[in-house]
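K.L.:
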Amino acid sequence: MQSPIPGYLETILDSVRADTSGHVADYIPELADSDPKPLGLAMCTFGGNLYSVGDDGTEFTIQSVSKPFVYALALQRRGWNKVQQTVGTEPSGEAFNELSLDRNTKRPMNPMINAGAIAVNQLINGEDSSVEDRVEEIREFFSALAGRELSINRALCESELETADRNLSIAHMLRNYDVIQDAAHDAVRSYTLQCAIEVDVRDLAIMSATLANGGVQPITGQKILNPDVCRMALAVMASAGMYDAAGRWMTTVGIPAKSGVGGGLIGTLPGQLGIATFSPRLDIQGNSVRGVKIFQKLSKDMGLHLMAAEPQGEYALRNIHTEGQDSVIRLQGKVNFPAAESILDEMVDHDFTGQRLVLDISRVSSFNRMGRRLIKEGLRSLREEGFEVAIYDPEDILKDLQYSDGTEAETLGSLESRSLEEKD
Ligand code: GLN
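Residue 489 in the working numbering is what sits at position 424 of the sequence shown, and the numbering runs on without skipping anything.
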């Protein structure tokens with residue numbers, strides 16, 4: 066069988082191909098001369114399946130799409146306290162290159178605008194690091210995220226540095242308020258080299274999927290970031306990743322995202338997907354015109370808008386049935402708060418007959434902390450009411466867990482496990 070997904074992605078590309086509106090970034094001389102035509106789209110699932118269509122092997126500079134990843138690296142290596150002393154988490158509603166600081170704290174508003182990104186870049190490899198060592202640290206980190214060695218387009222970086230007065234003024238402003246220690250030109254060189262790392266849409270989709278996957282690179286399986294770091298990076302992408310178009314983006318697309326003036330754009334759906342597009346013509350906010358359109362279509366078609374989440378946990382309680390003297394409570398799927406709530410709600414109203422209850426969790430795919438805690442408390446209260454409670458857990462999903470009454474989850478070899486499996 067052939068997967069229908071690449072064909073679907075092709076139709077999405079075809080639907081935006083004819084749009085030639087917008088302009089390539091012209092404030093960077095090398096980018097002004099770049100080919101505006103390429104169009105690429107890639108998607109990587111949290112399970113590590115990569116689909117890509119169009120100009121999926123064309124390399125371009127990552128530019129501002131680098132920002133959430135370097136922010137994540139700073140959080141991972143330096144910790145939340147250090148990072149939040151340097152940069153805030155409020156959307157600024159301003160252009161990406163605005164010379165602005167939070168009025169009270171004198172820190173950049175967020176790590177997605179240039180002021181914040183230049184400040185965050187300084188956190189990598191310690192304040193005393195040389196520019197080259199710092200950038201190498203970032204290049205290596207991006208390479209691990211992408212699962213291949215990435216390189217830096219030094220010619221493009223030099224070209225951008227020729228006209229970098231705006232970023233230099235930002236760096237001087239940051240130095241003035243002690244946000245950075247490096248000389249302004251070193252800080253801007255380091256940040257500009259970070260922006261000049263070359264990627265294609267496939268790399269970006271995988272990098273984005275790593276954030277979606279709580280920091281585990283879905284193809285190599287390498288654990289690169291902690292889940293809470295990914296959550297922070299995604300939160301800031303959601304509120305500030307599209308600069309002064311962030312609100313419109315959240316209403317029409319509803320996916321944490323980050324754009325770059327090289328024409329790249331990523332969207333990250335936590336627990337689901339990483340998506341990346343490449344099309345160099347930009348709108349006035351500096352976001353790729355066809356990239357934005359592709360995301361609007363994908364979001365609508367595939368139901369990806371985060372605020373349109375489907376009901377969760379509705380069918381978490383598969384059934385309760387009687388087997389001889391026992392009442393068997395069968396759970397299924399993911400047990401998170403809404404799932405646990407609906408399970409407990411039905412259990413509270415259920416008239417259990419007999420002395421012994423069996424909780425069958427053989428079809429549960431995962432428990433989150435809250436789901437586990439609530440179910441555990443539910444079982445404790447049943448024990449307190451005098452029931453003998455057992456758990457059927459053939460996959461050892463609750464293996465290491467101890468209940469608050471001291472008992473541990475155990476597999477119930479003695480309890481006719483076969484008949485439990487067979488009966489639906
Ligand atoms: N290197 C670019 C700059 O600082 C990145 C901007 C962007 O991609 N939005 O101007």
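Cβ atoms here follow ideal geometry from the backbone N, Cα and C, with glycine treated the same way.
1) Look up Tyr468 in the DSSP assignment and say whether it is helix, strand or coil.
2) Going by C-alpha distance, which of Phe343, Met108, Arg199, Glu449 is nearest Arg142?
3) When the distance is taken between beta carbons, is Gly329 closer than 8 Å to Phe125?
4) Along the chain, where does the alpha helix (DSSP H) containing Gly328 start, and where does it finish?
5) Quick check on DSSP: helix, strand or coil for Asp167?
6) On the CB-based measure, 16 or more other CB atoms within 10 Å of its CB, does Ala107 come out buried or exposed?
7) Examine the ligand GLN and report whether any of its heavy atoms sits within less than 7 Å of the Cβ of Ser255.
8) Got a sec, what are the start and stop residues for the beta strand (DSSP E) Leu338 sits in?
9) Between the Cα of Leu338 and the Cα atoms of Arg383, Ser364, Ser255, which residue gives the shortest distance?
10) Roughly how many angstroms lie between the CA atoms of Ser446 and Lys399, to the nearest whole one?
11) Hey, Gln282 and Leu210 are a contact pair by Cβ (cut 8 Å); roughly how many whole angstroms apart?
12) So what does DSSP say about Thr418, is it helix, strand or coil?
13) Who are Cys109's beta bridge partners in DSSP?
14) Only counting the same chain, and skipping five residues up and downstream in sequence, which positions put a Cβ closer than 8 Å to that of Tyr468?
15) Is the CB-CB distance between Gly332 and Ile320 below 8 Å?
16) What's the gap between the Cα of Tyr380 and the Cα of Ile408?
17) Taking only the alpha-carbon atoms, compute the straight-line gap between Ala404 and Ser165 and give it to the nearest angstrom.
18) Can you tell me whether Ser392 is helix, strand or coil according to DSSP?
19) Hey, is Val326 close to the ligand GLN, as in C-beta under 7 Å from one of its heavy atoms?
20) Counting along the chain, where does the alpha helix (DSSP H) carrying Glu442 start and finish?
21) If you measure between the beta carbons of Pro133 and Gly306, is that distance less than 8 Å?
22) Just confirm the distance between the C-beta atoms of Ser344 and Leu104, as a whole number of angstroms; I'd bet it's less than 8 Å.
23) Sorted by chain position, which residues of the same chain lie with C-beta nearer than 7 Å to Gly325's C-beta, five sequence neighbours on each side aside?
24) Quickly, what does DSSP pair His88 with across the bridge? List them, please.
25) Is the Cβ-Cβ distance between Ile70 and Tyr136 less than 8 Å?
26) Per DSSP, what kind of secondary structure is Tyr239 in: helix, strand or coil?
27) Tell me the DSSP bridge mates of Arg428?
P.N.:
The answer reads as follows:
1) Residue mapping note: residue 468 aligns to position 403 of the sequence shown, counting from 1. For Tyr468, the predicted model reports a pLDDT of 47, less than 50, meaning its position is unreliable; a value from the coordinates is still stated below. Coil.
2) Mapped onto the sequence shown, residue 142 falls at position 77. For the residues Phe343, Met108, Arg199, Glu449, the minimum Cα distance to Arg142 belongs to Arg199.
3) Taking the first residue of the sequence shown as position 1, residue 125 is located at position 60. Taking the first residue of the sequence shown as position 1, residue 329 is located at position 264. Against a cut-off of 8 Å, the Cβ pair of Gly329 and Phe125 comes out as a contact.
4) Counted from its first residue, the sequence shown places residue 328 at position 263. From DSSP, Gly328 is part of no alpha helix (DSSP H); its letter is neither H nor E.
5) Here the question's residue 167 lines up with position 102 in the sequence shown. Asp167 falls in the coil class under three-state DSSP.
6) What you label residue 107 is simply residue 42 of the sequence shown in a count that begins at 1. Ala107 should be labelled buried.
7) As a position in the sequence shown, residue 255 is number 190, starting the count at 1. No, the Cβ of Ser255 stays beyond 7 Å of every heavy atom of the ligand GLN.
8) In the sequence shown, residue 338 corresponds to position 273, counting from 1. Where Leu338 is concerned, the enclosing beta strand (DSSP E) stretches over 338-343.
9) For the purposes of this step, residue 338 is taken as the residue at position 273 of the sequence shown. Checking every option, the nearest Cα to that of Leu338 belongs to Ser364.
10) Counting from 1 along the sequence shown, the entry for residue 446 is found at position 381. Counting from 1 along the sequence shown, the entry for residue 399 is found at position 334. Computed Cα separation, rounded: 22 Å.
11) Locating residue 282 in the sequence shown gives position 217, where the first residue counts as 1. Locating residue 210 in the sequence shown gives position 145, where the first residue counts as 1. About 6 Å; that satisfies the 8 Å criterion.
12) Locating residue 418 in the sequence shown gives position 353, counting from the first residue. Of the three classes helix, strand and coil, the one that applies to Thr418 here is coil, per DSSP.
13) Within the sequence shown, the letter at position 44 stands for residue 109. In the DSSP output, where bridge partners are listed per residue, Cys109 has Leu115, Gly339.
14) If you number the sequence shown from 1, residue 468 lands on position 403. Any reading at Tyr468 must be qualified, since the residue scores a pLDDT of 47, below 50, and its modelled position is unreliable; the value itself is stated next. So the qualifying residues of the chain are Lys441, Leu444, Arg445, Ala474.
15) Taking the first residue of the sequence shown as 1, we reach residue 332 at position 267. Taking the first residue of the sequence shown as 1, we reach residue 320 at position 255. Closer than 8 Å, so yes.
16) Residue mapping note: residue 380 aligns to position 315 of the sequence shown, counting from 1. Residue mapping note: residue 408 aligns to position 343 of the sequence shown, counting from 1. Looking at the two C-alpha atoms, the distance is approximately 9 Å.
17) Working through the sequence shown from its first residue, we reach residue 404 at position 339. Working through the sequence shown from its first residue, we reach residue 165 at position 100. So the two alpha carbons sit approximately 44 Å from each other.
18) Indexing the sequence shown from 1 puts residue 392 at position 327. Correct three-state label for Ser392: strand.
19) As a first step, residue 326 is located in the sequence shown; it is residue number 261 there, counting from the start. It does: the Cβ of Val326 is within 7 Å (strictly closer) of some heavy atom of the ligand GLN.
20) If you number the sequence shown from 1, residue 442 lands on position 377. Run containing Glu442: 434-449, per the alpha helix (DSSP H) assignment.
21) Position 68 of the sequence shown holds residue 133. Position 241 of the sequence shown holds residue 306. Yes.
22) Here residue 344 is taken as the residue at index 279 of the sequence shown, counted from 1. Here residue 104 is taken as the residue at index 39 of the sequence shown, counted from 1. That pair is a contact at about 5 Å.
23) Here the question's residue 325 lines up with position 260 in the sequence shown. Closer than 7 Å at Cβ, skipping near neighbours: Ile127, Gln128, Ser129, Val130.
24) Counted from its first residue, the sequence shown places residue 88 at position 23. Bridge partners of His88: Leu347.
25) Walking along the sequence shown from the start, residue 70 turns up at place 5. Walking along the sequence shown from the start, residue 136 turns up at place 71. Against a cut-off of 8 Å, the Cβ pair of Tyr136 and Ile70 comes out as no contact.
26) If you number the sequence shown from 1, residue 239 lands on position 174. The identity of residue 239 in the sequence shown is Leu, whereas the question assumes Tyr. Leu239: helix per DSSP, three-state reduction.
27) Within the sequence shown, residue 428 is the residue found at index 363, counting from 1. Its beta-bridge partners are Gln397.
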